[in-house]
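**Student:** My questions will all concern the structure given below.
In this note's numbering, the protein residues as written are 201 to 355.
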């Protein structure tokens, strides 16, 4: 299998939420993604899309990576990542390609008391993408099936 290395900034766009984490409510209508491992809830949404969520700061540099499709909201330090080059890569594959990059992000993060990721760090992150789009889709589908089975077993 042949791959190409592409900059994340050439494949996807990034935005962040606008809210403080204290805006969460216990039984909110929509998911509220923060830098916490747990997904919180909120009563209003700012996003309605297929996205990858990356917590952009953490005291230990352990950044949370999640995947969601639908209506949601995000904390101001949470990156909402969306593929813009769908003819090259899709959100499923990008999500799985980012998982092993979390250690690299931890090493490249800035700050002392709280580690954080900048947009520039994300833009320059290199992602390994198969040259064959069908192979990329096949791998992403396989990994998604395994994740779904894990979630089912947890329930």
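We put the beta carbon where it would ideally sit given N, CA and C, even for glycine.
1. What does residue 281 pair with, by DSSP beta-bridge criteria?
2. Going by DSSP, what residue range makes up the beta strand (DSSP E) through residue 328?
3. Taking just the CA atoms, how far does residue 274 sit from residue 309?
4. On the three-state DSSP scale, how would you describe residue 237?
5. If we ignore side chains and look at the alpha-carbon of each, how far apart do residue 357 and residue 232 end up?
6. In chain order, what residues of the same chain have a beta carbon less than 7 Å from the beta carbon of residue 221, not counting five sequence neighbours either side?
**Tutor:** Reading from the atomic positions:
1. Here the question's residue 281 lines up with position 81 in the chain shown. In the DSSP output, where bridge partners are listed per residue, residue 281 has 214, 252.
2. The residue you call residue 328 lines up with position 128 of the chain shown. Residues 326 to 330.
3. Looking up residue 309 in the chain shown gives position 109. Looking up residue 274 in the chain shown gives position 74. Rounded to whole angstroms, residue 309 to residue 274 spans 20 Å at the Cα level.
4. Against the chain shown, residue 237 aligns to sequence position 37. Note: residue 237 maps to coil in three-state DSSP.
5. Since the first and last residues shown for the chain are 201 and 355, residue 357 lies out of range.
6. Here residue 221 refers to the residue found at position 21 when the chain shown is read from its first residue. In its chain, beyond the 5 residues on either side, 234, 275 have a beta carbon closer than 7 Å to the beta carbon of residue 221.
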